[in-house]
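Report on the structure given below.
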Amino acid sequence: MQKPEDKLVTPASLAVDAVLVIIFFIYMYSVVSTHVPSKDHRMILFFGASCAACLTLVFWLALQMFRVVVKVQRAESRGPS
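Spelled out as structure tokens, the structure:
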């Protein structure tokens, strides 16, 4: 008999990831926008959001890799079934 395969993505994990990514984007934008060397509000908004988006995508990728590693470690600690 085959053992049921664990789902890697659930609606709860998607919701948690979405909240974390949005919070991280807002935080990174608030940090990065102060370093844009411009007086024009549109340029500050554009370059701050562009940089925060890149950093947020890296954060999302790291979050997904962390989730997979934790799932594999938990599966290995349970031992063969």
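Per this note's numbering, residue -5 is the first one in the sequence shown, and the count goes up by one each step.
All C-beta atoms in this analysis are idealised placements derived from N, C-alpha and C, irrespective of residue type, glycine included.
These numbers come from a predicted model, not from an experiment.
Supposed close pair residue i, residue j - CB separation, criterion 8 Å
i: S24; j: I38; result: Rounded, the Cβ-Cβ distance is 12 Å, inconsistent with contact.
Residue i - DSSP class collapsed to helix/strand/coil
i: G73; result: coil
i: S32; result: coil
Candidates the options, of which the one nearest residue i by Cα
i: K1; options: V62, I16, H29, C45; result: V62
i: L51; options: P31, V30, K65, M22; result: M22
Contacts around residue i, its chain only, beta-carbon distance under 7 Å, and the 5 residues preceding and following it disregarded
i: C45; result: V26
i: G42; result: Y23, V26, S27, V30
Inter-residue Cα distance where the pair is residue i and residue j
i: L14; j: F60; result: 14 Å
i: W54; j: K33; result: 31 Å
i: V10; j: A56; result: 14 Å
i: V30; j: V3; result: 37 Å
i: F19; j: A12; result: 11 Å
i: K65; j: P74; result: 15 Å
Distance cut-off 6 Å: residue i Cβ against heavy atoms of the ligand SAH
i: M22; result: As far as ligands go, the structure on display features none, and thus does not contain the ligand SAH.
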